[in-house]
Amino acid sequence: MDSIKTLLLLIDVQNDFCPGGALAVNNGDAVVAPLNALSRAFAERGGRVAATQDWHCTGHVSFASSHSGCKVGEIIDTALVKGQVLWTDHCVQGTGGAEFHSALELSPVSMIVRKGFRKELDSYSAFFENDRKTPTGLEGWLKCLGIETVIIGGIATDYCVFFSAMDCKKLGFNTIIASDAVRGVGFPEGSIEKAISEMKAAGIEFYSSNDLIDRLK
Ligand code: VGL
Ligand code: ZN
Numbered sequence: 041m042d043s044i045k046t047l048l049l050l051i052d053v054q055n056d057f058c059p060g061g062a063l064a065v066n067n068g069d070a071v072v073a074p075l076n077a078l079s080r081a082f083a084e085r086g087g088r089v090a091a092t093q094d095w096h097c098t099g100h101v102s103f104a105s106s107h108s109g110c111k112v113g114e115i116i117d118t119a120l121v122k123g124q125v126l127w128t129d130h131c132v133q134g135t136g137g138a139e140f141h142s143a144l145e146l147s148p149v150s151m152i153v154r155k156g157f158r159k160e161l162d163s164y165s166a167f168f169e170n171d172r173k174t175p176t177g178l179e180g181w182l183k184c185l186g187i188e189t190v191i192i193g194g195i196a197t198d199y200c201v202f203f204s205a206m207d208c209k210k211l212g213f214n215t216i217i218a219s220d221a222v223r224g225v226g227f228p229e230g231s232i233e234k235a236i237s238e239m240k241a242a243g244i245e246f247y248s249s250n251d252l253i254d255r256l257k
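The working numbering numbers the first residue of the sequence shown as 41 and each following residue consecutively.
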């Protein structure tokens with residue numbers, strides 16, 4: 041795997057998705073060590089690393105607290121999105137919860153994509169927001185750089201990792217999940233397993249971070 045034509049994409053490795061955070065994912069912080077190892081391997085070979093940051097304004101449409109009478113976990117249709125899941129308030133711009141995990145190696149990261157920053161529109165994918173048509177601009181950056189393969193890790197397997205990987209594959213990039221560097225929400229029940237089988241069925245590959253480091257040239 042040619043590191044110049046490969047991007048490492050770190051999805052939402054933020055405090056609110058880690059233990060103690062507002063929307064804590066089981067062992068969310070376990071992604072940090074394998075992602076740091078991958079990042080270092082990329083940096084040593086002149087490869088690119090990008091990161092996404094869930095970046096919501098207060099009163100964001102994805103927060104249950106923004107809809108009177110709605111509870112966390114409810115699924116509603118909004119003006120722009122059919123089937124929006126309502127979450128606890130999380131990753132509010134400028135708060136500690138929205139910061140990257142303090143142990144995440146950020147030096148090799150040359151692009152940070154902030155998503156879900158518009159009040160009325162959520163974004164799980166690093167490429168398109170939840171209306172499934174508003175681009176974040178990441179596709180253009182990758183195409184401009186001649187990137188052919190994208191390695192994805194981070195949080196959450198069943199939401200932002202899943203939507204990012206599926207879009208990535210649809211956009212024509214070879215798409216690989218660093219299997220030991222993802223953790224999921226698991227809501228609704230079975231969603232992690234479902235996401236993994238859908239990704240595999242779409243032709244997305246799964247390799248451990250060590251295998252990926254060994255293959256990187
Ligand atoms: C995410 C739920 C809400 C994620 C973001 O990063 O997977 N999940 N916002
Ligand atoms: Zn969010």
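Each residue gets a CB set at the ideal place from its N, CA and C atoms; glycine is no exception. All figures in this text were calculated on a predicted structure; none of them were measured in a lab.
Selected residue, minimal CA-CA separation from S150, among L49, M41, L256 and I253 = Your numbering for residue 150 matches position 110 in the sequence shown. Out of L49, M41, L256 and I253, L49 has the C-alpha closest to the C-alpha of S150.
request  = In angstroms with no decimal places, state the Cα-to-Cα distance between I253 and T174.
outcome  = For the purposes of this step, residue 253 is taken as residue 213 along the sequence shown, with counting starting at 1. For the purposes of this step, residue 174 is taken as residue 134 along the sequence shown, with counting starting at 1. Cα to Cα, the separation comes out at about 33 Å.
ask   = Quick one: is the Cβ of R184 within less than 7 Å of any heavy atom of the ligand ZN?
value = Along the sequence shown, one-based indexing puts residue 184 at 144. The displayed chain sequence assigns Cys, not Arg, to residue 184. No, since every heavy atom of the ligand ZN falls outside the 7 Å radius drawn around the Cβ of C184.
query = How long is the line joining the alpha carbons of E139 and S106, rounded to whole angstroms?
reply = What you label residue 139 is simply residue 99 of the sequence shown in a count that begins at 1. What you label residue 106 is simply residue 66 of the sequence shown in a count that begins at 1. Cα to Cα, E139 sits roughly 22 Å from S106.
task = Please report the residue range of the alpha helix (DSSP H) in which V65 lies.
result = The sequence position of residue 65 within the sequence shown is 25, counting from 1. From DSSP, V65 is part of no alpha helix (DSSP H); its letter is neither H nor E.
task = For the alpha helix (DSSP H) containing I253, list its first residue and its last residue.
result = Taking the sequence shown and counting its residues from 1, the one referred to as residue 253 is at position 213. Residues S249 to R255.
inquiry  = Please report the distance separating the alpha-carbon of Q124 from that of G156.
reply    = Position 84 of the sequence shown, counted from the start, is the residue given in the question as residue 124. Position 116 of the sequence shown, counted from the start, is the residue given in the question as residue 156. G156 has its alpha-carbon roughly 12 Å from the corresponding atom of Q124.
Neighbour-count burial assignment, N170, 16 or more Cβ in a 10 Å radius = Here residue 170 refers to the residue found at position 130 when the sequence shown is read from its first residue. Burial of N170 is indicated by the presence of at least 16 other C-beta atoms within 10 angstroms of its C-beta.
inquiry  = Beta-carbon distances below 7 Å to any heavy atom of the ligand ZN define the shell here; list its residues in chain order, please.
reply    = Having a Cβ closer than 7 Å to some heavy atom of the ligand ZN are D94, H96, S102, W127, H130, C131, G156 and D162.
query = Apart from the five residues just before and just after C131, which ones in its own chain have a Cβ nearer than 7 Å to its Cβ?
reply = By one-based count along the sequence shown, residue 131 stands at place 91. Closer than 7 Å at the Cβ level, and outside the excluded window around C131, lie Q54, D56, D94, W95, H96, G137 and A138.
Check: F168 C-beta below 7 Å from any heavy atom of the ligand VGL = Sequence index remark: in the sequence shown, residue 168 carries index 128 (1-based). Within 7 Å of the C-beta of F168 there is not a single heavy atom belonging to the ligand VGL.
task = Measure the alpha-carbon distance for E145 versus N67 and round it to whole angstroms.
result = Position 105 of the sequence shown, counting from 1, holds the residue named residue 145. Position 27 of the sequence shown, counting from 1, holds the residue named residue 67. Approximately 18 Å between the Cα atoms of the pair.
key: Proximity below 8 Å, CB of S43 to CB of G87   = Numbered from 1 along the sequence shown, position 3 holds the residue referred to as residue 43. Numbered from 1 along the sequence shown, position 47 holds the residue referred to as residue 87. In this structure, G87 lies closer than 8 Å to S43 by Cβ.
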